[in-house]
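For reference, the structure is listed below as structure tokens.
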Amino acid sequence: MPREHPHDDRDRRRGTVRRASAAAVAVLAALAAAAAAAPVAGPLTLADALREIAAHSAAATAAALDTSAAREDTKRAEAAFHPALDLSGGFQLRDHEVVAKFGALQAPTGQSHFLFGEVDLTQLLWDGGRRSWAVAGARSAEHATAAGGRAEVSSAMLEGLGTYLRILTLTAQRRVVAQRVVTLQDHLREVHDLFDQGVVARNDLLATEVRLRLVQDQGGALANGETVATAALNRLMGRDPAEAVALPGTMPPPPPLAASAAELAKRAAKANPQLLALQARLKTEEDAVALKKSDDKPSLFAQASHTYQQNQYLVYPNANFLMLGASWQPYDGGARAAAVRAAAFRAERTRTEIADLQRQIDVQVEQAFLAYRQALTEAATAETNVAAATENLRIEEDQYKAGLAKSTDVLDAEAVLADARFALVNQHFNAYLKQGVLLTLAGEDLPTFFAAVGTKEQEP
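To convert, take the position in the sequence shown, counting from 1, and add 41; that gives my numbering.
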């Protein structure tokens with residue numbers, strides 16, 4: 042058998058490697074093509090998060106179910122305008138036949154066991170308007186339920202706005218902490234060099250190390266807070282709290298308001314969710330008063346019946362009936378009058394709540410508008426402060442290197458810069474939150490308003 046040359050074996054192995062490499066390249070190319078063809082999901086925008094809350098939150102689900110139940114109550118009230126059909130029947134056993142006695146004579150008139158049945162068709166002809174008021178009240182209650190549900194969903198969206206902004210705030214604060222860590226590490230290296238040269242004392246080194254560890258721990262606390270806030274946002278959106286959510290790094294400044302405080306107050310007087318819910322409730326209570334007042338009217342009805350009784354002694358075991366009837370309770374000891382007064386008191390109480398809420402809304406809109414403007418002012422101030430604090434830190438570092446400043450001066454300057462950056466982050470997102478509160482009071486649709494807000498990845 043011929044011996045195989047070593048070069049042949051190497052060539053065969055190289056061929057195998059080349060084929061494997063070619064196959065791997067083909068697989069990677071296919072995966073890359075598939076990845077390129079697959080749609081890339083972008084970050085969850087504020088408007089999309091608010092839409093999910095409006096559609097899938099617990100408040101939205103409860104509002105939909107409550108409205109559906111109220112709609113069925115309306116259908117039940119409307120059923121009073123339609124005839125009612127009743128069926129009854131049974132089988133009866135007696136110990137003796139039914140026997141009639143006429144003097145000395147006795148004659149059976151009914152069997153000891155028999156079948157019987159009855160069909161009744163009853164139509165209410167007139168009841169003094171109770172049916173109409175009951176339907177009106179049910180429709181008002183349906184409208185009030187829907188309005189109350191919208192108010193709850195509006196509150197849930199405002200909560201979701203705060204949670205969404207809380208996550209972005211914590212994310213931005215973590216970036217600030219990361220910048221602090223880098224700055225302190227750079228300063229720590231400078232302190233090490235100076236300490237090794239015998240220029241500075243050991244306390245400079247220890248103070249810097251302590252500050253660095255404290256800042257690093259702060260980053261962990263912020264990460265934990267971000268995790269909890271993300272779970273809360275998922276819950277509000279109707280998702281699994283443990284689901285991963287990709288949010289933008291930050292957002293541009295809030296979109297400008299196209300209305301003044303006075304114009305927003307006028308809108309709030311017509312579209313505030315809480316006010317609309319109270320007004321709808323008042324309509325329901327006013328209809329209840331009218332319904333109670335109609336309770337003293339008589340009712341007229343017609344009934345058609347068919348009966349059957351198994352009885353060998355009857356010539357006509359089947360019988361048909363037509364009856365016109367009336368019912369009326371002219372006096373009930375004052376119960377109806379008391380019910381009318383109680384319903385009127387409830388309606389009056391709601392009117393008082395509406396008047397007070399209208400006054401509150403005027404104050405709250407003005408307060409929210411001023412808070413929003415103040416947040417914008419403080420955000421602009423914070424941006425200026427960041428620039429000044431950055432320059433201050435640079436000067437202190439240069440002076441420290443030249444031996445003209447202490448390490449504590451550098452650490453203090455770094456802390457001032459960190460505070461300025463934290464203030465910028467907080468006021469940037471606080472302006473969004475104040476704006477959301479103002480828009481909610483005015484009855485504006487938050488997802489529509491914030492739909493035009495873009496995203497960006499750089500730090501505000």
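Don't be surprised by glycine CBs; every beta carbon is placed ideally from N, CA and C.
If you check the beta carbons only, do Ser15 and Gly170 fall under 8 Å apart?
-> No answer is possible for residue 15: the residues shown for the chain start at 42 and end at 501.
Taking the alpha-carbon positions, what's the Ala285 to Leu202 distance?
-> 18 Å
When the Cα atoms are used, what is the spatial distance from Ala103 to Asn313?
-> 20 Å
Gly369 by DSSP, collapsed to three states: which one?
-> For the record, residue 369 in the displayed sequence is Trp; it is not Gly. Residue state, collapsed to three classes: coil.
How is Thr291 classed by DSSP in three states: helix, strand or coil?
-> strand
Which parts of the segment 416 to 491 are runs of the alpha helix (DSSP H), unbroken and 4 residues or longer, counting only runs that do not cross its ends?
-> 448 to 482, 487 to 491
Mind checking whether the beta-carbon of Gly290 lies closer than 7 Å to any heavy atom of the ligand PLP?
-> This structure simply doesn't include the ligand PLP, nor any ligand for that matter.
Give the DSSP-derived three-state secondary structure of Met198 in the structure shown.
-> helix
How should Asp245 be labelled, buried or exposed, when 16 other C-beta atoms within 10 angstroms of its C-beta is the threshold for buried?
-> buried
Nearest-angstrom Cα separation, counted from Ala101 out to Ala88 | 16 Å
Looking at the structure shown, is Thr168 part of a helix, part of a strand, or coil, going by DSSP?
-> The question names Thr, but residue 168 in the sequence shown is Asp. The answer is coil: DSSP assigns Asp168 none of H, G, I, E or B.
Between Gly375, Ala310, Met292, Thr115, which lies nearest to Trp492 when the distance is taken from Cα to Cα?
-> A quick correction: the sequence has Ala, not Trp, at residue 492. Residue Met292 is the option with its Cα nearest to Ala492.
Skipping 5 residues on each side, what residues in its chain have a beta carbon closer than 7 Å to that of Ala309?
-> Ile402, Val406, Leu482, Ala483, Gly484
In its own chain, which residues sit with a C-beta less than 6 Å from the C-beta of Lys338, not counting the 5 before and 5 after it?
-> Gly169
Reduced DSSP secondary structure (H/G/I, E/B, other) of Ser340 = strand
DSSP state of His228, grouped into three classes?
-> helix
Could you pull out every unbroken alpha helix (DSSP H) segment of at least 4 residues lying fully inside the segment 296 to 346, listed in chain order?
-> 302 to 312, 314 to 334
Alpha carbon to alpha carbon, how far is Arg252 from Glu432?
-> 21 Å
Does the count of Cβ pairs from the segment 210 to 217 and the segment 188 to 196 closer than 8 Å reach three?
-> no
Is the Cβ-Cβ distance between Ala345 and Leu162 less than 8 Å?
-> yes
Could you check the C-alpha separation between Ala412 and Gln259 for me, to the nearest Å?
-> 29 Å
Local conformation of Thr348 per DSSP, three classes | strand
DSSP three-state call for Ala493: helix, strand or coil?
-> coil
Val256 to Gly266 span [Cα, whole Å] = 16 Å
Nearest-angstrom Cβ-Cβ length linking Leu458 and Ala423, presumed shorter than 8 Å | In fact, because the Cβ distance is near 12 Å, the residues do not count as touching under 8 Å.
Alpha carbon to alpha carbon, how far is Phe470 from Asp281?
-> 26 Å
Looking only at C-alpha atoms, which of Ala287, Thr186, Met278, Leu199 sits nearest to Ala318?
-> Thr186
The alpha helix (DSSP H) spanning Ala103 covers which residue range?
-> 99 to 119
Provide the residue(s) that pair with Leu128 in DSSP beta bridges, ordered along the chain.
-> Val160
Compute the Euclidean distance between the alpha carbons of Lys333 and Leu316, then round it to the nearest angstrom.
-> 26 Å
Backbone secondary structure at Gly178 - three-state DSSP | helix
Unbroken beta strand (DSSP E) run spanning Thr150, endpoints | 146 to 151
Closest Cα partner of Leu85 within the set Arg400, Tyr205, Ala360 = Tyr205
With burial defined as no fewer than 16 other Cβ atoms inside 10 Å of the residue's Cβ, what is the status of His228: buried or exposed?
-> buried
Looking at Phe236 and Arg230, is the spacing between their C-beta atoms short of 8 Å?
-> no
Can at least three beta-carbon pairs, one atom from the segment 138 to 152 and one from the segment 349 to 365, be found at a separation below 8 Å?
-> yes
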